[in-house]
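Take a look at the structure below.
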Amino acid sequence: MLKIRDLHVSYGNIAALRGISLDVGKSEIVAVIGPNGAGKSTLLLAIAGVVRARAGSVEFDGRAITGQQPEALVTTGLSLVPEGRHIFGSLSVAENLRLGATVRRDRQEVARDIDRVLAMFPILRERYRQRANKLSGGEQQMLAIGRAMLARPRLLLLDEPSLGLAPLIVAQIYEAVRALRDQGVTALIVEQNVGRALSAADRTYVLSSGVIAMSGKSAEFAGNAAFDAAYFGVAEAAR
Amino acid sequence: MIVLQNLIDAVSLGAVYALAALGIGLIFSVMRLINFAHGELIMVGGFTLYTLAGQPLLVMILAALLTSTVLALGMERVAFRTLRKASPATLLISSFAVSYLIQHIVLLAFGSRAMGVAFLPELGTAIDLGGLRIPLLQLVTIAVTLVLMAGLVAFFRLSETGLQMRAAAEDFTMARLVGVKANRVIAFAFAISGVLASIVSFYLVAQTGSVSYKMGVSMVLIAFVSSVIGGMGSIAGAALGGFLVGIVSVSLQAYLPVDLRPYRDAFVFLLFVLFLFWRPDGLLASRADRDRV
Ligand SMILES: Nc1ncnc2c1ncn2[C@@H]1O[C@H](COP(=O)(O)OP(=O)(O)OP(=O)(O)O)[C@@H](O)[C@H]1O
Ligand SMILES: [Mg+2]
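So the sequences go chain by chain: A and B.
Numbering follows our numbering, in which position 159 of the first sequence is assigned residue number 154; successive positions increment by one, without gaps.
Numbering follows our numbering, in which position 104 of the second sequence is assigned residue number 135; successive positions increment by one, without gaps.
The following block contains the structure:
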């Protein structure tokens, strides 16, 4: 479904991604893990069209999407939940969710989808009319995911959904990810929480200093010495 | 009685400033551009009235609205769209360039002298309201401003495009990530700023009875000051700032010693500088400096 080949991204003369190749199959959950500054967020931002690739290609459902604008990419079925959530704090929860459906015209179905999101995250129903900046971090993450779902994406990009959240909330968020996957949504998740990533994802890539250090089935990663070396090795080296 | 008279003066001047500040604030909120060429949108509105003087009133008004709006959309398309990713400083400088360019085109075409226009001279009369003599222009200005602001509030609260513009004002990149079309909301903001500018030109022309190629310059400075006081990036803040500056100006006009009154605007700017020491981000929390995704 998503096919990335030899992707290069730079900020000025800082190379953030130096030749990334990565695939995500339909209905698959794929994780990208790696230490701070590895380029994980840059990867998702490049896929979503927020930052420009210097070289390489991104294909979504067989169509080249490199260089397209973010607002055009949402309409093709790709939604990003960015790092730090970026909910619209001055708008209400209801308005945030409505904005999630900006690209849709089927109003009645949108209303039903909003109901589904509220059923998935009941706390949002209680907060429905409140300003979103009044929400706790976990609630904001739920809102950000719900907002992304309202575009009815076929591929969901999640950047560190567990960042700064209490374990109980993290469990709830990942519960939702699993539920989405049961509905056939494909997801590419960036995580620093290695345990979470490995248990949620079918396959995992380890990203380090802008290159893929290792990749494989998540199940084979846990306790694998090569993985420990690749991940914790690069994590140590990055410190 | 004097106090009430002054209050009406203050509110009507504040209303005009608020409309001008809204034009500046709206563009800033969606693209971090301080559009000094907003003054020229006001000016071309005035010159349209001048050119069409003698035509039916409705024709003059609609033509001025159209000219300012088309010019606003044109400057966005030609000058600012290509610079959208540029730094705020670059954007600011290019807005000065656009402002200067339009002023000089008008200077070449019409000359530098102010020219008289009879636009709504009936509004110059004052009406008696329980012992108060209130210029009709002030009442009309207040009424028009209230209607426009109510319309804008309804637009921002109730319409889909209004919601998208509020989202874009808060976090432009995130708005695009949910599918808000960048070109569309920015063009919309410019169109609204054009309409607001031509309405300010109606006030200026009705009040002074003349037009000149520099007529927008001091208004745009006041509008800028107002929107900074309100909080750059906050649309409600711009309106609030405009009213405050109007009230302060009229108070200074009324209560400064007579020989200092000609320097009223200097005092306004002095107070502005002092205000900035107290509240550098303006009154309503601004999101101007919050970085993007
Ligand atoms: N806007 C930017 N301008 C300049 N350099 C940047 C910018 N964003 C990221 N970088 C640099 O690019 C590299 C990759 O950053 P990125 O944010 O993609 O890493 P990350 O893996 O998401 O890190 P984290 O785990 O901290 O979120 C880093 O060296 C970072 O300093
Ligand atoms: Mg990151």
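All residues carry an ideal CB built from backbone N, CA and C; glycine is no exception.
For residue i, which residues from the same chain have a beta carbon less than 7 Å from its beta carbon, with the 5 sequence-adjacent residues on both sides left out?
| i | result |
| --- | --- |
| Ala11 (chain A) | Val4, Ser5, Gly34, Thr37 and Gly205 |
| Arg318 (chain B) | Low confidence applies here, because Arg318 (chain B) scores a pLDDT of 49, under 50, leaving its location unreliable; read the following figure in that light. So the list reads Glu201 and Gly264, once near-sequence residues are dropped. |
| Arg191 (chain A) | Ser157, Val165 and Tyr169 |
| Arg234 (chain A) | Residue confidence for Arg234 (chain A) is low, a pLDDT of 45 falling below 50, so the modelled location carries little weight and cannot support an answer. |
| Ile253 (chain B) | Tyr48, Ala51 and Val276 |
| Gly44 (chain A) | Gln63, Gln64, Pro65 and Leu68 |
| Arg0 (chain A) | Ser16, Gly51 and Ser52 |
For residue i, which option in the options has the closest C-alpha, if you only look at C-alpha atoms?
| i | options | result |
| --- | --- | --- |
| Asn66 (chain B) | B:Leu80, B:Ser43, B:Leu104 and B:Leu38 | B:Leu104 |
| Ile217 (chain B) | B:Gly76, B:Ala149 and B:Gly193 | B:Gly193 |
| Arg115 (chain B) | B:Ala51, B:Val256 and B:Ile58 | B:Ile58 |
| Arg47 (chain A) | A:Ser210, A:Ile28 and A:Leu2 | A:Leu2 |
| Asn31 (chain A) | A:Leu202, A:Ala208, A:Val98 and A:Phe216 | A:Leu202 |
| Glu90 (chain A) | B:Ile73, B:Ala145, B:Leu275 and B:Leu189 | B:Leu189 |
| Ile133 (chain B) | B:Met106, B:Leu183 and B:Ala95 | B:Met106 |
| Met146 (chain B) | B:Ile165, B:Arg215 and B:Lys245 | B:Lys245 |
| Leu150 (chain A) | A:Asn8, A:Arg13 and A:Val25 | A:Val25 |
| Ala204 (chain B) | B:Gly45, B:Val61, B:Gly142 and B:Val42 | Here residue 204 (chain B) turns out to be Thr, not Ala, going by the sequence shown. Out of B:Gly45, B:Val61, B:Gly142 and B:Val42, B:Val61 has the C-alpha closest to the C-alpha of Thr204 (chain B). |
| Gln195 (chain B) | B:Val178, B:Gly182, B:Ala213 and B:Ala297 | B:Ala213 |
| Ile278 (chain B) | B:Asp296, B:His135, B:Val184 and B:Leu291 | B:Asp296 |
| Glu23 (chain A) | A:Leu183, A:Arg99 and A:Thr71 | A:Leu183 |
| Val236 (chain B) | B:Phe308, B:Ile124, B:Leu168 and B:Gly313 | B:Leu168 |
| Leu113 (chain A) | A:Gln167, A:Gly141 and A:Asp177 | A:Gly141 |
| Leu327 (chain B) | B:Pro166, B:Glu153, B:Leu122 and B:Met74 | Limits of chain B in this structure are 32 at one end and 324 at the other, which puts residue 327 (chain B) out of reach. |
| Val98 (chain A) | A:Thr71, A:Phe116 and A:Arg120 | A:Thr71 |
| Pro194 (chain A) | A:Asp177, A:Leu175 and A:Glu215 | Checking the sequence shown, residue 194 (chain A) turns out to be Ser, not Pro. Checking every option, the nearest Cα to that of Ser194 (chain A) belongs to A:Glu215. |
| Ala208 (chain A) | A:Gln136, A:Thr181 and A:Ile15 | A:Ile15 |
| Gly262 (chain B) | B:Phe306, B:Arg63, B:Val175 and B:Asp312 | B:Asp312 |
| Arg108 (chain B) | B:Leu314, B:Phe219 and B:Ile165 | B:Phe219 |
| Arg198 (chain A) | A:Thr61, A:Ile9, A:Lys21 and A:Asn8 | A:Lys21 |
| Phe306 (chain B) | B:Ala174, B:Val289, B:Leu283 and B:Val256 | B:Val256 |
I want to verify the contact list: residues of chain A whose CB lies under 7 Å from the CB of residue i, in sequence order.
| i | result |
| --- | --- |
| Leu194 (chain B) | Glu90, Arg93 and Leu94 |
| Ala198 (chain B) | Phe83, Leu86 and Leu94 |
List the residues of chain B whose Cβ lies closer than 7 Å to the Cβ of residue i, in chain order.
| i | result |
| --- | --- |
| Thr70 (chain A) | Gly210 |
| Thr97 (chain A) | Gln195, Val209, Gly210 and Val211 |
| Leu175 (chain A) | Neighbours of Leu175 (chain A) on chain B: none; closest Cβ ~17 Å, over 7 Å. |
| Glu300 (chain A) | Chain A is shown only over -4 to 234; residue 300 (chain A) falls outside these bounds and no answer can be derived. |
Less than 6 Å between C-beta atoms, sequence neighbours within five positions excluded: which residues of the same chain meet that for residue i?
| i | result |
| --- | --- |
| Ala285 (chain B) | Asn37 |
| Ala67 (chain A) | none |
| Lys129 (chain A) | none |
| Val27 (chain A) | Lys35, Val185, Tyr200 and Leu202 |
| Ser243 (chain B) | Ala145 |
| Ala95 (chain B) | Gly76, Thr79, Leu80 and Ser229 |
| Phe274 (chain B) | Gly45 and Ala49 |
| Phe186 (chain B) | Gly193 |
| Ala41 (chain B) | Gly277, Ile278 and Val281 |
| Ile136 (chain B) | none |
| Asp320 (chain B) | Here the model assigns Asp320 (chain B) a pLDDT of 42, short of 50, so the residue's position is not dependable and the matter cannot be decided. |
| Leu271 (chain B) | Gly261 |
Skipping 5 residues on each side, what residues in its chain have a beta carbon closer than 8 Å to that of residue i?
| i | result |
| --- | --- |
| Leu124 (chain A) | Note on identity: in this sequence residue 124 (chain A) is Arg, with Leu being the wrong assignment. The residues are Ser87, Val88 and Ala89. |
| Asp322 (chain B) | Unreliable positioning characterises Asp322 (chain B) in this predicted model, as indicated by a pLDDT of 39, which lies under 50. The coordinate reading is nonetheless provided below. Around Asp322 (chain B): no qualifying Cβ. |
| Phe83 (chain A) | Glu90, Asn91, Leu94 and Ala127 |
| Ala149 (chain B) | Ala84 and Gly240 |
| Leu163 (chain B) | Met32, Leu35, Gln36 and Ile39 |
| Val324 (chain B) | Only weak support exists for where Val324 (chain B) lies, its pLDDT of 37 falling under 50; the value from the coordinates is given anyway. Excluding positions up to five away in sequence, the list reads Asp202, Thr204, Met205 and Leu208. |
Give the residues of chain B in contact with residue i, contact being defined as C-beta atoms less than 8 Å apart.
| i | result |
| --- | --- |
| Glu170 (chain A) | Those do not exist, as Glu170 (chain A) stays about 24 Å from chain B at its closest Cβ, beyond 8 Å. |
| Leu130 (chain A) | Simply none; closest approach about 15 Å. |
| Leu75 (chain A) | Leu208 |
Along chain B, in chain order, which residues have C-beta atoms closer than 9 Å to that of residue i?
| i | result |
| --- | --- |
| Leu(-3) (chain A) | Under the 9 Å cutoff, chain B gives no residues; its nearest Cβ is about 17 Å from Leu(-3) (chain A). |
Any beta-carbon of chain D closer than 7 Å to the one on residue i?
| i | result |
| --- | --- |
| Val226 (chain B) | The chain inventory of the structure shown lacks chain D, comprising the protein chains A and B. |
- prompt: Which residues, in chain order, does the segment 201 to 229 of chain B contribute to contact with chain A at a C-beta distance below 7 Å?
  reply: Cβ contacts with chain A come from Glu201, Asp202, Thr204, Met205, Arg207, Leu208, Val209, Gly210, Val211, Lys212 and Ala213.
- prompt: Taking any Cβ of chain B, which residues in the segment 108 to 126 of chain A have a Cβ under 9 Å from it, in chain order?
  reply: Taking 9 Å as the Cβ-Cβ cut-off, the segment 108 to 126 of chain A has no residue approaching chain B.
- request: Pull out every residue of the segment 103 to 135 of chain B whose Cβ sits closer than 9 Å to any Cβ of chain A, in chain order.
  value: Here the close residues number zero.
The segment 138 to 145 of chain A in contact with the segment 106 to 113 of chain A per 3-pair CB rule at 8 Å: Between the segment 138 to 145 of chain A and the segment 106 to 113 of chain A there are three or more inter-stretch CB-CB distances shorter than 8 Å, so the stretches are counted as touching.
- prompt: Any chance the segment 93 to 102 of chain B sits against the segment 251 to 271 of chain B, with 3 or more Cβ pairs inside 8 Å?
  reply: Touching, no.
- prompt: Below 8 Å, can you find three or more Cβ-Cβ pairs linking the segment 295 to 310 of chain B to the segment 82 to 97 of chain B?
  reply: Too few Cβ pairs lie closer than 8 Å, so no.
task: Kindly confirm or deny that the segment 113 to 132 of chain B and the segment 39 to 54 of chain B touch, where touching means at least three C-beta pairs closer than 8 Å.
output: The segment 113 to 132 of chain B vs the segment 39 to 54 of chain B: no contact.
field: Chain-ordered residues of the segment 140 to 162 of chain A with a beta carbon less than 7 Å from chain B
entry: Residues of the segment 140 to 162 of chain A whose Cβ lies closer than 7 Å to any Cβ of chain B, in chain order: Arg142 and Ala146.
- request: Would you list, in chain order, the members of the segment 16 to 49 of chain A that have their beta-carbon closer than 8 Å to a beta-carbon of chain B?
  value: Per Cβ criterion, the list reads Leu40, Ala43 and Val45.
query: If we count Cβ pairs, one from each stretch, closer than 8 Å, do we get three or more for the segment 156 to 173 of chain B versus the segment 44 to 61 of chain A?
result: In short, these stretches do not touch, since the Cβ pair count stays below three.
- request: For the segment 208 to 224 of chain B and the segment 60 to 78 of chain A, state whether three or more C-beta atom pairs, one from each stretch, are separated by less than 8 Å.
  value: These segments touch.
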